[in-house]
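Visitor: As you go down the protein sequences, you meet chains A and B in turn.
In terms of my numbering, the first sequence opens at residue 4 and continues consecutively.
In terms of my numbering, the second sequence opens at residue 4 and continues consecutively.
We put the CB at the ideal spot given by N, CA and C, even for glycine.
Protein chains: 2
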Amino acid sequence: MPRPTVNDLAKMAGVSLATVDRVLNARPGVREKTVRRVNLAIETLGYVRDVTAANLARQRSYRLVFVLPDAPVQFVSTLREAIAESLKSSVADRTEAKIVTFSNGNPHALVKSLRALDASDTDGVAIFAPETPHVRDAIARLKADGIPIVALVSDLPNTGRDHFVGIDNIAAGRTAGFLMGKFIGNTSGSVMVLVSSMQARDNVERRLGFDQVMAGSFPQVDVLPSLENHDDEDVTTRLITDMLRDRPDIVGIYAVGHGSRALVNVLRDHERREAIILIGHELTQVTRDALREDLMDAVISQNVGHIVRSAFRVLRAKSDGLDIFSAQERIRIEIVVRENLI
Amino acid sequence: MPRPTVNDLAKMAGVSLATVDRVLNARPGVREKTVRRVNLAIETLGYVRDVTAANLARQRSYRLVFVLPDAPVQFVSTLREAIAESLKSSVADRTEAKIVTFSNGNPHALVKSLRALDASDTDGVAIFAPETPHVRDAIARLKADGIPIVALVSDLPNTGRDHFVGIDNIAAGRTAGFLMGKFIGNTSGSVMVLVSSMQARDNVERRLGFDQVMAGSFPQVDVLPSLENHDDEDVTTRLITDMLRDRPDIVGIYAVGHGSRALVNVLRDHERREAIILIGHELTQVTRDALREDLMDAVISQNVGHIVRSAFRVLRAKSDGLDIFSAQERIRIEIVVRENLI
DNA sequence: ATTGACATGAGGTACGTACCTCAAATAGCG
DNA sequence: CGCTATTTGAGGTACGTACCTCATGTCAAT
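Written as structure tokens, this is what we have:
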């Protein structure tokens, strides 16, 4: 019992192949009654369109665009590599993608990049950007053009984006809080929180989740106000150095942003390194090394490979007007410690 | 510049389509010199075979078999569901799979099931079974028949299996040990270890990893000898109840096996539940609930969806005589706590 | 009953590859 | 040189679907 084909449908519904084709591809010119007959045949035979044959016939290809910041943190380059990697194995999927980079500090550059995109040569856009009014407008224009959009890593909920690919950042912050509390144990003291920017929605959400858990489950620990570093290593170095000097009661540091290099470097040479629990985000060479050295205690991470593959699947589906299996597209919050480092 | 096709190759190499086809499919009757010409064209044009078109033409389908125990633990049924789920979305991949179940206690049943498989109607086999001499022989016969084999979840290293799909269980045990030590903190006491069977290689490896880390990094904690429960809930209940009664110094329990139901049930009603760190394996309804109730502190898990999809990919590749990207097939050791429960 | 709008059928070509047959060209051999 | 064995070319069909054209069928309003 091989898979039923369009010919089986035609036979069963008592119509011609052309009519089946019209129904399957929602082309006009078929009576409602006939449509029902064909749909009945589809259901009873359990017909599923052979997507590969369909794409072959249709000469369909998906032209996707990834819009990424040029932030000097390893996470972004890891994301770039994952896109390149995914692209390699996706020649078979008739998918091509290009990466557009925008300068992190310059919102106009981003908007200009987005304006350059056109429905005639792009089938979908994935964006990793902060949620500013400029971005909102540019995305609204793309949507008006009928281009599917997914937000990547950091959500853009008020822009009309079709989907968000990334972790639940509140839960990620809660997870960081849970581990921080458990690792600190019944010692009391203060925890420092370092964010990259209060503009970045993912950072804000993580901080929120972190505070929820710390206040709820570990009240003996005092969580200090956020220090903003704008992904600048010099700023980070100064902030951390000052804080560690002035506050001997620090027992933990939570690095909310995507970069941890400067932080790790300062801590490596600090006398109290053993006594301070360090938890950060994103698995990169920096955090990997820090875990191995026992300098970091845990890293909360999102698998960039999964993110990129999910973005591809979602954009292809949206571009075909298909639904997605949301359950399958959920990105897990990964906890990485010294021992489960791959 | 669309993808080059076989016709472009023929044109470039100055040969006919038939010759290109002979070279691509390694058919005989082509001079060495001509083969080189075609291969040169392949490289310079960057030709990649359109696998979907090829499969369409070839009418290729993959008939896979999953061999699973009937152990009464939720993990196995989760695995079953994941296979069914994967199968749904894999109609497009021309892949069909059936599940063969063998009775856990009866090695002959397993061997009989394996004997029934034949190269004429199966293109690959995935096996989740303990490593016994019977199993070894049966697998050797399948291999001799030319059927690709992957071991699932628990490795079968001395059977000639083509690949192992699952986590590094030593690292998984080490991860459990790391968390156990960190969560216990500087309290001293004893940790109970519950395994399902010393025959199951994954259990043995996890125990090994656990001991490595406990001895190396947390020497103040005393790790007790393994208690075997053979996946029997009554046995588990008795073992735990007795141990908790006799040893008030227990500060942690590590459940090595795939099932945790009985253990969780005993602990739920125990007076010292707050004081005992409980770490187990595999995310199921039982362990999910236990995490939510703060009864379990962490679960080390392997994503069954990933495992099944990886098994599919590997078997398809092996069946086509292709290589696999081992890096892409690595299954991560997931740490799940209350807060990153999906 | 005629007209026109719409519904359907029949048949074709195409996508990129696999695989087949048969004839023709070429190479290697004595 | 001729002979045979091997290599190559030409052309076909097939896979399952998309999409096109043109002819014919049906139906309701006039």
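(1) Does the beta-carbon distance from residue 338/B to residue 338/A come in below 7 Å?
(2) Rounded to a whole number of angstroms, what is the C-alpha to C-alpha distance between residue 155/A and residue 106/B?
(3) Going by DSSP in three states, residue 225/B sits in which element: helix, strand or coil?
(4) At a CB-CB cut-off below 9 Å, which residues of chain A make contact with residue 134/B?
(5) Can you look up residue 334/B in the DSSP assignment and give me helix, strand or coil?
(6) How should residue 328/A be labelled, buried or exposed, when 16 other C-beta atoms within 10 angstroms of its C-beta is the threshold for buried?
(7) Quick one: grab the DSSP three-state call for residue 72/A.
(8) Does the beta carbon of residue 342/A sit closer than 7 Å to a beta carbon anywhere in chain B?
(9) Using a C-beta cutoff of 7 Å, does residue 45/B count as contacting chain A?
(10) Is it the case that the Cβ atoms of residue 234/B and residue 193/B are separated by a distance below 7 Å?
(11) Residues of the stretch 150-175 of chain B in Cβ contact with chain A at a cutoff of 8 Å, in chain order, please.
(12) Whose Cβ in chain A lies nearer than 9 Å to the Cβ of residue 332/B?
(13) Would you kindly work out how many angstroms separate the C-alpha atoms of residue 61/B and residue 54/B, rounded to a whole number?
(14) Please classify residue 157/A as buried or exposed, where buried requires at least 16 neighbouring CB atoms within 10 angstroms.
(15) Counting only beta-carbon separations shorter than 7 Å, does residue 213/B have a partner in chain A?
(16) For the stretch 187-202 of chain B, which residues have a beta carbon sitting closer than 8 Å to at least one beta carbon of chain A?
(17) Give the range of the alpha helix (DSSP H) segment to which residue 142/A is assigned.
(18) Quick check on the burial criterion: 16 or more other C-beta atoms within 10 angstroms. Buried or exposed for residue 177/A?
(19) Determine the DSSP secondary structure at residue 174/B, reduced to helix, strand or coil.
(20) What's the gap between the Cα of residue 2/A and the Cα of residue 83/A?
(21) Would residue 221/B pass as an interface residue toward chain A - the criterion being a Cβ-Cβ separation below 7 Å?
(22) Alpha carbon to alpha carbon, what distance is there between residue 10/B and residue 37/B?
(23) Any idea what DSSP makes of residue 100/A, helix, strand or coil?
(24) I'd like the list of long-range same chain contacts for residue 12/B, defined as Cβ closer than 7 Å, with 5 residues on each side in sequence excluded.
(25) Is there a Cβ from chain B that is less than 7 Å from the Cβ of residue 91/A?
(26) Rounded to whole angstroms, what is the Cα-Cα separation between residue 76/A and residue 262/A?
(27) Please list, in chain order, all residues of the same chain as residue 214/A whose beta carbon is under 7 Å from its beta carbon, the five residues on each side excluded.
(28) Taking 7 Å as the threshold (C-beta atoms), are residue 85/A and residue 311/A in contact?
(29) Any beta-carbon of chain A closer than 7 Å to the one on residue 63/B?
(30) What's the gap between the Cα of residue 29/B and the Cα of residue 143/B?
(31) Pick out whichever of 342/A, 5/A, 179/A and 6/A has its Cα sitting closest to the Cα of residue 175/B.
(32) In the DSSP output, what is residue 63/A paired with across the bridge?
(33) From 162/B, 132/B, 186/B and 253/B, pick the residue whose C-alpha is nearest to that of residue 205/B; which is it?
(34) Measuring alpha carbon to alpha carbon, tell me which of 20/A, 25/A and 125/A ends up nearest residue 67/A.
(35) Which class does residue 284/B belong to by DSSP, given the choice of helix, strand or coil?
(36) Would a C-beta distance cut-off of 7 Å place residue 240/B and residue 232/B closer than the cut-off?
Guide: Considering the structure as presented:
(1) Going by C-beta atoms, residue 338/B is nearer than 7 Å to residue 338/A.
(2) Approximately 46 Å between the Cα atoms of the pair.
(3) In the structure shown, residue 225/B falls within a strand segment according to DSSP collapsed to helix, strand and coil.
(4) Per Cβ cutoff of 9 Å: no residues; residue 134/B is ~24 Å from chain A at best.
(5) Looking at residue 334/B - three-state DSSP - the assignment turns out to be coil, as it is neither helix nor strand.
(6) Taking every protein chain shown into account, the CB of residue 328/A has fewer than 16 other CB atoms within 10 angstroms, so this residue is exposed.
(7) When secondary structure is reduced to three states using DSSP, residue 72/A falls in the strand class.
(8) At least one CB of chain B lies nearer than 7 Å to the CB of residue 342/A.
(9) By this cut-off, residue 45/B is not an interface position.
(10) No, the Cβ-Cβ distance between residue 234/B and residue 193/B is not below 7 Å.
(11) Here the close residues are 174 and 175.
(12) Residues of chain A with a Cβ closer than 9 Å to the Cβ of residue 332/B do not exist; the shortest Cβ-Cβ separation is about 12 Å.
(13) Rounded to the nearest angstrom, the two C-alpha atoms are 10 Å apart.
(14) That one is buried.
(15) Contact with chain A is absent for residue 213/B, since none of that chain's Cβ atoms lies less than 7 Å from the residue's Cβ.
(16) Look at the stretch 187-202 of chain B: the residues with a C-beta under 8 Å from a C-beta of chain A are 188 and 189.
(17) Residue 142/A -> alpha helix (DSSP H) spans 136-147.
(18) Buried, by the Cβ-count rule.
(19) Under the three-state reduction of DSSP, residue 174/B is assigned to helix.
(20) No information on residue 2/A is available, as it lies outside the stretch 4 to 345 that chain A covers here.
(21) Look at residue 221/B: its C-beta is not under 7 Å from any C-beta on chain A.
(22) Answer to the nearest angstrom: the Cα atoms are 16 Å apart.
(23) Here residue 100/A sits in strand by DSSP.
(24) Excluding residues within five positions, the ones whose Cβ falls inside 7 Å are 23, 41, 44, 45, 48 and 50.
(25) So no, residue 91/A is outside the interface.
(26) Spanning the alpha carbons of residue 76/A and residue 262/A requires a straight line of approximately 5 Å.
(27) If you ignore the 5 residues before and after residue 214/A, its C-beta comes within less than 7 Å of the C-beta of 226, all in its own chain and listed in chain order.
(28) Contact: yes.
(29) Not one chain A Cβ lies under 7 Å of residue 63/B.
(30) Just so you know, the alpha carbons of residue 29/B and residue 143/B end up roughly 28 Å apart.
(31) For the set 342/A, 5/A, 179/A and 6/A, the Cα lying nearest the Cα of residue 175/B is the one of 342/A.
(32) Answer is none; residue 63/A lacks a bridge partner.
(33) Residue 132/B is the option with its Cα nearest to residue 205/B.
(34) For the options 20/A, 25/A and 125/A, the alpha carbon positioned closest to that of residue 67/A is the one of 125/A.
(35) Judged by DSSP in its simplified three-state form, residue 284/B adopts strand.
(36) Between residue 240/B and residue 232/B, the C-beta spacing is not below 7 Å.
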